[in-house]
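Below: the structure, in structure tokens.
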Amino acid sequence: MERKPPFSPKPQAPSSPHSSEDKAEGSVKLVHAVGMHARPAVKLSKLAKRFRSRIAVRVVGASEWIDAKSVAKVMAMRAPCDSTIEFVAAGTDALAAVGALTTLVANDFPDIDG
Amino acid sequence: MGPFVRIDFAKAGERRPGLDEAAALRAALGLASRDLSALSARTGGEAADMIEFQLALIDDEAVTGPAFGRVADGVAADAAWRWAMDGLIADYGAHPSENVRARGLDVADLRDRVLDALRGSPSPAPPPAGAVIAADDLPPSRFLEIDWSSGGGVALSGGSAMSHTAMLARARGVPMVVQVGELPYATQALIDAEQGFVELDPSAEQLRAFESRRAAHAVRSASVERVDQRSPATFRGETVRLLVNIEGPESLSHPAAAFADGVGLMRTEFLFQGRDEPPDEEAQLQAYAAVLRWARERPVSIRTLDAGGDKPIRGVSEAGEANPFLGLRGLRLSLRRPQVFAAQLRALGRAAVLGDLKVMFPMVTTPDEFVAAQALFRRTVEDLQAAGLEARLPELGMMVEVPAAALTIADFPAAFFSIGANDLAQFVAAADRANGAVSHLLDPTSPAMLELIRRVVDHGRATGKGVSLCGDVAGDAGRVLTLLNCGLRELSMSPSSLTAVKSAILESPQEAPLV
């Protein structure tokens, strides 16, 4: 598990949305627990892997950032229902990644591929 | 009943490293991925979740990367893979969440599948339909590869009734017995999962007896489907309250929990495990509040920290006790750790305003201990109220798990009693729960146990105080009537046992036996 943020998250939205190192972040309240259950962990990490950006996730206030593309780590994340989790992404598709991931969580992990 | 088939999964035999170990590992992962994808196409439900998780693990560079790194350092592919998987299994094994700990079994299953591929051991040929499979142990994904549509069963020399395979077998109605010891070869086998035995080459008479038991079982199973909706459970005109034992808020996600009459035992050890320092008051309050919110007006009994014994907790319990089951544990330990105890009591006092909270102390031996804890709790609540926080003193009860307490139950000023049958049975029989060699002595319905249970129940009836029983036996549908016959009318069990226990009560003869 990462002890530090994998890259420094900025508290604000990126100033230039078209630079090669976009950064984006977003937070969303959980309807159900994310960590500790296989199905949401698989869905979240699978969706994260569709993007080229590096993406990290944590429960607001947690000391550790977790690699959102690692199902093994997302599975072990302690995120009870009613908690808020946040994503930070850096890369060319950072904004799209954070948008897609927060939507997935907000909609309580619908089946993406049907 | 079916043809007897032995499956031996190659366990021994180290792999001889080849020239390109990285390529070998990649090929083995590819093979595992293809086999699992094929399996995933024809399974559903919880099993599909397991396979999807295993497939995602194969694609997880945070998992495979370190293994390939070791291979690059000259380590053989199988050793490198085992090292990476064992690390993850150990992480999950230490996790506070029961769900994450259970996923360690999926990781072990994937580990073994890839190791088999690396060693080139061919996948065992599929057994004939309806076969009774004998093996030392059966990994869950191997269980799923077998076609169970025309019956069959599993007899394991080793294995565990709590394993993932056992849960899959229960969900599919596949009879399975574990820990049956060495099985010689045979042509036919009869498996009776309800009674827990396997008969090799059974006689005609054994077959007839089995068929009549099977018919009775089929009738019972059919009624289990409808039982949840029929409430409440009654026995001889009295309501039987069926409560659940939970590890934490996430245990409540079990579908049967919705039908429970409340939470009979919420353990709090999970809050303290897998961390360096005890959780603070706020973190505890959140967990307790989540359960009370779920319960609405139903009662919730929370047990204060039961550290020590077989549940050591870093920073709280004593290390190096020669006999930890009889050592500084439960309330004994809490009274020696006033700061840790005070934080828990503060959180509980604040949670008490949110619902029907009851609090009980574990491992109480003498009335003095109970009175000391009660006084501490009362002061804690007064302090909270003085500080302007909403708090109240909940109803205070105790676990009855020390024989001395059961024998002198009338001396304890507790408002209710919860019989901890697992610990009480081990202390009454002087038989270590962790020692399989004496497990035959650990009978929670032995005459000595029933004598103690009756004693507590009679005291409860005479004083109007509630008496419940938690422990594995409360969830044992085959013995629930024995407990009810002792006068118990409150049982607390794991959510997965609720349906079977309720069904056993509803199907039981409701008249008192003629004496």
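Keeping their order, the protein sequence lines are chains A and B. Each residue of the first sequence is one higher than the one before, starting from 979 at the first, in the working numbering. Each residue of the second sequence is one higher than the one before, starting from 97 at the first, in the working numbering. Note that beta-carbon positions come from the ideal geometry of N, C-alpha and C, so glycine has one too.
Beta-carbon contacts of residue i that lie in its chain and below 6 Å, excluding the five residues immediately before and after
{"i": "V477(B)", "result": "G445, A487, L489"}
{"i": "P192(B)", "result": "F366, Q369, G370"}
{"i": "S564(B)", "result": "G360, S514, E586, S588"}
{"i": "L450(B)", "result": "A385, L388"}
{"i": "L548(B)", "result": "A502"}
{"i": "A352(B)", "result": "P591, L594, T595"}
{"i": "V340(B)", "result": "A353, A356, V359, P591"}
{"i": "A573(B)", "result": "A596, V597, A600"}
Where the alpha helix (DSSP H) through residue i begins and ends
{"i": "Q284(B)", "result": "Premise fails: Q284(B) lies in the beta strand (DSSP E), 284 to 288, not in any alpha helix (DSSP H)."}
{"i": "R432(B)", "result": "426 to 432"}
{"i": "G1004(A)", "result": "Counting along the chain, G1004(A) falls outside any alpha helix (DSSP H), though it belongs to the beta strand (DSSP E) covering 1001 to 1007."}
{"i": "E378(B)", "result": "377 to 391"}
{"i": "I398(B)", "result": "That residue, I398(B), is in no alpha helix (DSSP H); its beta strand (DSSP E) goes 396 to 399."}
{"i": "T578(B)", "result": "576 to 581"}
{"i": "K407(B)", "result": "Note, K407(B): premise wrong, no alpha helix (DSSP H); not H, not E."}
Close-in-space but distant-in-sequence residues of the same chain around residue i (CB under 7 Å, 5 per side omitted)
{"i": "T461(B)", "result": "V498, A500, A501"}
{"i": "R550(B)", "result": "C582, G583"}
{"i": "V534(B)", "result": "A527, D528"}
{"i": "T1081(A)", "result": "none"}
{"i": "G114(B)", "result": "A120"}
Contacts of residue i in chain B (Cβ-Cβ under 9 Å)
{"i": "S1023(A)", "result": "A152, D155, D156"}
{"i": "P1088(A)", "result": "Near P1088(A) there are no residues of chain B at all, since even the closest Cβ is about 15 Å away, more than 9 Å."}
Per-residue DSSP class, three states only, for residue i
{"i": "E414(B)", "result": "coil"}
{"i": "D1045(A)", "result": "strand"}
{"i": "F508(B)", "result": "coil"}
{"i": "T595(B)", "result": "helix"}
{"i": "E603(B)", "result": "coil"}
{"i": "A1067(A)", "result": "strand"}
{"i": "F366(B)", "result": "helix"}
{"i": "N341(B)", "result": "strand"}
{"i": "G98(B)", "result": "strand"}
{"i": "M146(B)", "result": "helix"}
{"i": "I154(B)", "result": "helix"}
{"i": "F513(B)", "result": "strand"}
{"i": "E301(B)", "result": "helix"}
{"i": "G269(B)", "result": "coil"}
{"i": "F331(B)", "result": "strand"}
{"i": "R529(B)", "result": "coil"}
{"i": "V1038(A)", "result": "coil"}
{"i": "L587(B)", "result": "strand"}
{"i": "V210(B)", "result": "helix"}
{"i": "S541(B)", "result": "Sequence check: residue 541(B) is Thr here, not Ser. Coil."}
{"i": "V171(B)", "result": "coil"}
{"i": "G200(B)", "result": "helix"}
7 Å Cβ cut-off: residues of chain B touching residue i
{"i": "K1051(A)", "result": "A158"}
C-beta atoms of residue i and residue j nearer than 8 Å
{"i": "E586(B)", "j": "R337(B)", "result": "yes"}
{"i": "V1049(A)", "j": "V1020(A)", "result": "yes"}
{"i": "L264(B)", "j": "L240(B)", "result": "yes"}
{"i": "A468(B)", "j": "M494(B)", "result": "no"}
{"i": "A296(B)", "j": "P280(B)", "result": "In the sequence on display, residue 296(B) carries Leu and not Ala. Their beta carbons are under 8 Å apart, which means L296(B) touches P280(B) by this criterion."}
{"i": "G178(B)", "j": "G189(B)", "result": "Contrary to the premise, residue 178(B) reads as Arg rather than Gly in this sequence. No, Cβ-Cβ distance for R178(B) and G189(B) is not below 8 Å."}
{"i": "L580(B)", "j": "F331(B)", "result": "yes"}
{"i": "S129(B)", "j": "L153(B)", "result": "no"}
{"i": "K598(B)", "j": "A329(B)", "result": "yes"}
{"i": "I1033(A)", "j": "A1040(A)", "result": "no"}
{"i": "G411(B)", "j": "D376(B)", "result": "no"}
{"i": "A403(B)", "j": "R428(B)", "result": "no"}
Bounding residues of the beta strand (DSSP E) (the contiguous stretch that carries residue i)
{"i": "V563(B)", "result": "562 to 566"}
{"i": "M83(B)", "result": "Because chain B is modelled from 97 through 611, residue 83(B) falls outside the range shown and cannot be assessed."}
{"i": "F293(B)", "result": "293 to 296"}
{"i": "T461(B)", "result": "It is not in any beta strand (DSSP E) - T461(B) carries neither H nor E in the DSSP assignment."}
{"i": "V250(B)", "result": "249 to 252"}
{"i": "I103(B)", "result": "No beta strand (DSSP E) holds I103(B); DSSP gives it neither H nor E."}
{"i": "A231(B)", "result": "228 to 231"}
Amino acids of chain A, ordered along the chain, whose beta-carbon sits closer than 9 Å to that of residue i
{"i": "D145(B)", "result": "H1015, A1016, R1017, V1020"}
Cβ shell of residue i (< 8 Å), same chain only, five flanking positions each side left out
{"i": "A118(B)", "result": "F164, V167, A168, A173"}
{"i": "Q481(B)", "result": "A487"}
{"i": "I505(B)", "result": "V496, F513, R551, V552, H555"}
Partner residues on chain A for residue i, Cβ-Cβ distance less than 8 Å
{"i": "R199(B)", "result": "A1016, M1053"}
{"i": "D187(B)", "result": "A1054"}
Chain B residues whose Cβ lies nearer than 8 Å to that of residue i
{"i": "S1048(A)", "result": "D156, E157, A158, V159"}
{"i": "D1045(A)", "result": "A158"}
Any chain D beta carbon closer than 8 Å to residue i
{"i": "F149(B)", "result": "Absent from the structure is chain D; the protein chains it does hold are A and B."}
Cross-chain neighbours of residue i in chain A, by beta carbon under 7 Å
{"i": "P345(B)", "result": "P1058"}
{"i": "L184(B)", "result": "A1050"}
{"i": "H191(B)", "result": "A1054"}
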